[in-house]
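Asker: Before we start, here is the structure in question, set down as structure tokens.
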Amino acid sequence: MESRAHVSESEIATLKKEVASHKEEIASHKQEITSHKQEIASHKGEIASHKEEIASLKEGPTQMNDCLLSLTLRHVRERFISTYKRKIGEATPRDLEAIRHGNNTAHGGDAAADAQLYEGVGGRTHGLIFVELYRMTPSDVQKIRHRETLEILNIHASVVADTAVTGTSEFYANFQAFIKEFTKSGCNEKYLEEMPRTNVHAAYWKVRNCRRYG
1 MESRAHVSES EIATLKKEVA SHKEEIASHK QEITSHKQEI ASHKGEIASH
51 KEEIASLKEG PTQMNDCLLS LTLRHVRERF ISTYKRKIGE ATPRDLEAIR
101 HGNNTAHGGD AAADAQLYEG VGGRTHGLIF VELYRMTPSD VQKIRHRETL
151 EILNIHASVV ADTAVTGTSE FYANFQAFIK EFTKSGCNEK YLEEMPRTNV
201 HAAYWKVRNC RRYG
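Here UniProt numbering is used: position 203 in the sequence shown is 203, and no number is missing along the way.
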């Protein structure tokens, strides 16, 4: 009996050692798994960083192109204003420089773009020229979002600035009447939709339908 009990204790001791060994192996595997998880997390972070770099590189040319397009448009619009000032004999050295170095010619008015020329440091300061072209101030034009209103302002500026032909007195009178009614309405841009029809609506179509050039 004593021998069997002794063997049993020995087996138990062996089993305990095996269990302890397995526990150590499990702990070691857990550490390896934790290490692998950390490596995976690190790789994911690197991948995310690379994706951001790639996205940034992709956006770079687009942003540069947008900037170049904006500068090109600004030069074109500067040239339009300067050419008109030369037409009426009020061109400054800056205007003549803009005309001389401009590669592209603006073939008509663009109220929204031209209004931005009067913003910020270095912007144009002679607002009366803008008013002659569009019959509204740059700050008032910047508030307009209505496409048809901007188009009719552009038409007027194109006629006024044209160096080859002259606008009709009917066109100028009708346009002035439109500006008067539009201003009286509080610059309400819904005049083409509202019922009953308003004076602004009637004035708008008079401008659109009359003969522009003599």
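For glycine and all other residues, C-beta sits at the position ideal for the given N, C-alpha and C.
Tell me, to the nearest whole angstrom, how far the beta carbon of Thr168 is from that of Tyr213; I am working on the premise that it is less than 8 Å.
Answerer: The Cβ separation is near 6 Å, so the contact holds.
Asker: Which residues does DSSP list as the beta-bridge partners of Gly109?
Answerer: Answer is none; Gly109 lacks a bridge partner.
Asker: Looking only at DSSP bridge pairs, what is Tyr84 linked to?
Answerer: Note: Tyr84 sits in no beta bridge, so no partner.
Asker: Please determine if the segment 134-149 and the segment 93-101 are in contact, where contact requires at least 3 C-beta pairs separated by less than 8 Å.
Answerer: Short answer: they don't touch.
Asker: Nearest-angstrom Cα distance between Lys206 and Leu117?
Answerer: If you take the alpha carbons of Lys206 and Leu117, they lie about 30 Å apart.
Asker: Check whether the Cβ atoms of Ala98 and Glu119 lie closer than 7 Å to each other.
Answerer: No, these two residues do not count as a Cβ contact at 7 Å.
Asker: Using a Cβ-Cβ cut-off of 6 Å (strictly less than) and excluding sequence neighbours within five positions of Asp114, which residues of its own chain qualify?
Answerer: Hits under 6 Å: Arg77.
Asker: Under the rule that 16 or more other beta-carbon atoms within 10 Å means buried, what is Pro196, buried or exposed?
Answerer: It counts as exposed.
Asker: Where does Arg208 fall in DSSP's three states?
Answerer: Three-state DSSP puts Arg208 in a helix.
Asker: Hey, Val200 and Phe182: beta-carbon distance below 7 Å or not?
Answerer: Yes; because the gap between Cβ atoms is below 7 Å, this pair is in contact.
Asker: Taking the alpha helix (DSSP H) that Ser169 falls in, what are its first and last residues?
Answerer: Start and end: 169-184.
Asker: Is it buried or exposed for His29, if we count other Cβ within 10 angstroms and need 16 for buried?
Answerer: Exposed: under 16 other Cβ atoms inside 10 Å.
Asker: If you draw a straight line from the C-alpha of Ala27 to the C-alpha of Leu15, how long is it?
Answerer: Answer to the nearest angstrom: the Cα atoms are 18 Å apart.
Asker: Within this structure, are the beta carbons of His146 and Phe175 separated by less than 7 Å?
Answerer: Their beta carbons are not under 7 Å apart, which means His146 does not touch Phe175 by this criterion.
Asker: Determine the contact status of Ala111 and Tyr84, defining contact as a CB-CB distance below 7 Å.
Answerer: Not closer than 7 Å, so no.
Asker: Tell me whether Tyr213 sits in a helix, a strand or coil according to DSSP, three-state version.
Answerer: Correct three-state label for Tyr213: strand.
Asker: Could you check what DSSP says for Asn188 in three-state terms: helix, strand or coil?
Answerer: Here Asn188 sits in coil by DSSP.
Asker: In this structure, does DSSP put Lys143 in helix, strand or coil?
Answerer: Looking at Lys143 - three-state DSSP - the assignment turns out to be coil, as it is neither helix nor strand.
Asker: For Val165, name the three-state secondary structure that DSSP assigns.
Answerer: Correct three-state label for Val165: coil.
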